[in-house]
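Residues in the sequence shown are numbered consecutively from 1, following this note's numbering. C-beta: ideal position from N, C-alpha, C; glycine also. Here the structure is laid out as structure tokens; the discussion comes afterwards.
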Amino acid sequence: MGLKAAETPAFYHSPTPARHHVTRPQLSDTTAPETKADGQKSLPRPAVDKGHEELKTLEVLKRTTTEYLLPNWRLVVTSLVGSVVVAGTTGILPWLIKQVFDEVLDHKDVTKLVLIALGTIGVSAFKGLAAYTTNMTKNAIGQRIISAIQTRMFARIMRADLAWIAKTHSGRFISSFMTDAGRVRDTVTMSVIDFTQNSLTVVALMGSMFFMNWKLALMGCSVIPFGMIYMRKLGKKTRKASRKGLEGTGDLSALISEALGGIRVVKAYGQEQHEITRVSATVQTVLGHAMRGFRAKAKASPLTESLSGVGIAGVIYFGGMAVIDAHLTKGELMAFISAMMLAYQPLKAVANTQTIMQEGVAAAARVFPILDIEPTIVSGPDAKPLQLKDGAIRFENVNFAYSDGTHALKGVSIEVPRGHTVALVGPSGGGKSTTLNMVPRFYDPSSGRVLIDGQDIREVTLDSLRDAISLVTQEPFLFDDTVRANIAYGRPGASEAEIETAARNAAAHDFIMALPKGYDTRVGEAGMKLSGGQRQRIAIARAMLKNAPILLLDEATSALDTASELQVQNALAALMQGRTTLVIAHRLSTIKHSNMIYVIDDGRVLESGDHASLVAQGGLYAELSHSQFDHDIPDDEVTVSSGGAVKAVAGV
């Protein structure tokens, strides 16, 4: 029987349950993998829901302003005041130039010349101080915005349902966290704050121009509408290229993360060049999208330069004719031209805002779905803390189906009495892991109930439920931190003595003390500096320190060699002592002494009983037993402690 979609080897890889619906927004599972030019298929990515894909610029501006800009209103006001000062002082400069030509040079007034020169220095210094204030506050706002976005994104991901998280490669989350969040920030800082400052500067300079000669001002401004229309068209192209580029960046991050995470497999199979080729192809794809975006933005320069040239040329010609005809002074013409030149850069920045905004909208379409996701597995409004008495677990006719319609569990009923060890066995994909995942509410049943001490776990608070459970998996995850921090992860305030006691009980203390820095030794990413057995014993010590009454073991020894398994089984025996334990195992030698064994296949409980009775029935368990025990730990190396805990006799 092959592996079914209903159950994956690890609980965190399962698809989305059918009965859960994400209210904000509604996302499909995944899009089909794209086939690249070289025949490779890209990693599937979650489909962006239409509501976010079709975001409008004003919608993004409204949301980012309301949620991230307004909370920083004091800094915003400071920035706006600085912008007004910058605009006002810039508008004064053309007037000073006019005075030089009309009042100083014609009359050879040295005193006025000195005063105007000093005034220019003062105005420029004041403008520089205001610009400094504006830039500092803008950057402070930007950092606060990206901090708020990233914090909220991470919080949403941490609290999201496992099924939703499993739909996206972690590398793409990282890409959205690092890159897309920055683009959304730029939408606020560059497209709102910079736009305001540049617009005020343009308004101040245009005001000076209209005050000096409204006819020339109209002529100079006549080219602006053409530039705005063209920039709007370029903005649409930029948005499309930016969206593709961001998707490519997510793919690249996912590929690199995957290759580094599986570096041992890559090297063992000599696939370094294959991974290099995959990443190189994705890099070229990202480069192509980036170049299309750059080209779209670069096309703005020829037009804006040409239009500004036309405007200035018109002013020079008609203004010069007005000076010749004595309708305009030389100072007014020079001031007018100066105002136009000063307005050129901020006007160009205002025009470029459209392209920046479109990049931000493309990023927002990837960020907002994460910010908007709402977990469906939460504590109900009337939930109460779990009242633990015995820690007994009961499944009552539990059914469960994934979003693709696959029925993973069909009428499963299981009893795990207080302090007993109950094992789940059966072929891969039969529903064992799905059953186990119901207890901590990683998933909720489509129908039926899971109860602990007679309490429906959906009616108790999620925190109190998970506080009562310890989980040890087939491949325990260790954080890139010290041994001490990993053991104390479930109880951060644990004392040194408590940590050491847990390590001793898990048969981990001796090897920990042999490490370079003992308990202060960093274990490396995912614990790569330790062996599989050492990682497993630290995970067991972590569970021991938490001291939860309910224990879930998911294939806890199936990946270990015999020597490591003997050590880990001893640690597990101590951990299971007196605890209600639900265990999954492919190696039947590790669970044959359990109080009760349930055989699960195709989502149903086919057989139940202890090892001897199940073998006597001659069913599926008997087949599995006969096929395995010739290769497992001999019976005389395995004993059972009270409560059904399996204990391997070390040193045999």
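Which of the three DSSP states is assigned to residue i in this structure?
{"i": "Q455", "result": "strand"}
{"i": "E34", "result": "Interpretation of E34 is limited by its pLDDT of 41, a score under 50 that renders its predicted location unreliable; the figure taken from the coordinates is listed afterwards. In the structure shown, E34 sits in coil (DSSP, three-state: anything other than H, G, I, E or B)."}
{"i": "A541", "result": "helix"}
{"i": "I591", "result": "coil"}
{"i": "R522", "result": "strand"}
{"i": "K384", "result": "strand"}
{"i": "K532", "result": "Reading the sequence as shown, one finds Gly at residue 532 and not Lys. G532: helix per DSSP, three-state reduction."}
{"i": "T277", "result": "helix"}
{"i": "S379", "result": "coil"}
{"i": "A507", "result": "coil"}
{"i": "A408", "result": "strand"}
{"i": "G619", "result": "coil"}
{"i": "R449", "result": "strand"}
{"i": "V110", "result": "helix"}
{"i": "E103", "result": "helix"}
{"i": "S199", "result": "helix"}
{"i": "S176", "result": "helix"}
{"i": "N570", "result": "helix"}
{"i": "S495", "result": "coil"}
{"i": "S428", "result": "coil"}
For residue i and residue j, what's the separation of their Cα atoms in angstroms?
{"i": "V615", "j": "D520", "result": "48 Å"}
{"i": "A140", "j": "A401", "result": "48 Å"}
{"i": "A573", "j": "Y598", "result": "20 Å"}
{"i": "C221", "j": "M153", "result": "44 Å"}
{"i": "K98", "j": "A339", "result": "11 Å"}
{"i": "I229", "j": "V223", "result": "11 Å"}
{"i": "L342", "j": "L218", "result": "17 Å"}
{"i": "I591", "j": "L575", "result": "15 Å"}
{"i": "D251", "j": "L58", "result": "29 Å"}
{"i": "T201", "j": "G82", "result": "11 Å"}
{"i": "V523", "j": "L530", "result": "7 Å"}
{"i": "Q284", "j": "R278", "result": "10 Å"}
{"i": "G293", "j": "T581", "result": "57 Å"}
{"i": "I312", "j": "W95", "result": "18 Å"}
{"i": "G142", "j": "D186", "result": "7 Å"}
{"i": "Y443", "j": "V85", "result": "58 Å"}
{"i": "I146", "j": "Q345", "result": "27 Å"}
{"i": "P302", "j": "T355", "result": "16 Å"}
{"i": "R587", "j": "D554", "result": "12 Å"}
Return the chain-ordered list of same chain residues with a C-beta closer than 7 Å to the C-beta of residue i, the five sequence neighbours on each side being excluded.
{"i": "T304", "result": "G227, K348 and A351"}
{"i": "V184", "result": "T64, I149, G360, A363, A364 and V367"}
{"i": "R484", "result": "I499, Y519 and D520"}
{"i": "F173", "result": "I157"}
{"i": "L545", "result": "I487, A488, G490, R491, A494, E498, I499 and A502"}
{"i": "A408", "result": "A6, E7, F400, A401, Y402, G431, T434 and G603"}
At what residues does the alpha helix (DSSP H) containing residue i begin and finish?
{"i": "T435", "result": "K432 to M438"}
{"i": "N399", "result": "It is not in any alpha helix (DSSP H) - N399 instead sits in the beta strand (DSSP E) that spans I393 to A401."}
{"i": "G82", "result": "W73 to Q99"}
{"i": "K330", "result": "K330 to D372"}
{"i": "I487", "result": "V483 to I487"}
{"i": "V472", "result": "Run containing V472: none in the alpha helix (DSSP H); it sits in the beta strand (DSSP E), I469 to T473."}
{"i": "D186", "result": "A181 to V188"}
{"i": "L515", "result": "First-last for L515: undefined, no H or E at that position."}
{"i": "A217", "result": "W214 to C221"}
{"i": "R63", "result": "T57 to T64"}
Take residue i and list the residues in its own chain whose beta-carbon comes closer than 6 Å to its own, dropping the five residues that flank it on each side.
{"i": "G171", "result": "S253, A254 and S257"}
{"i": "L515", "result": "T521"}
{"i": "M596", "result": "V422"}
{"i": "A571", "result": "A506, A507, R537 and I540"}
{"i": "R159", "result": "P375"}
Going along the chain, which residues of its own chain have a beta-carbon closer than 8 Å to the beta-carbon of residue i, five neighbours each way excluded?
{"i": "K138", "result": "S79, T189, I193 and D194"}
{"i": "N213", "result": "G319, A322, L328, E332 and F336"}
{"i": "A468", "result": "L386, L388, G391, I452, A548, P549 and I550"}
{"i": "L465", "result": "L386, P440, R441, I452 and I457"}
{"i": "G88", "result": "A204"}
{"i": "T120", "result": "L93 and L96"}
Starting from residue i, trace the beta strand (DSSP E) both ways and give me its first and last residue.
{"i": "S608", "result": "R604 to G609"}
{"i": "M596", "result": "M596 to D601"}
{"i": "I584", "result": "T580 to I584"}
{"i": "T421", "result": "T421 to V425"}
{"i": "L551", "result": "I550 to D554"}
- In the stretch 122 to 174, which residue ranges form an unbroken alpha helix (DSSP H) of at least 4 residues, counting only runs that do not cross its ends? Those alpha helix (DSSP H) runs which fall completely within the stretch 122 to 174 and span 4+ residues are 162 to 165.
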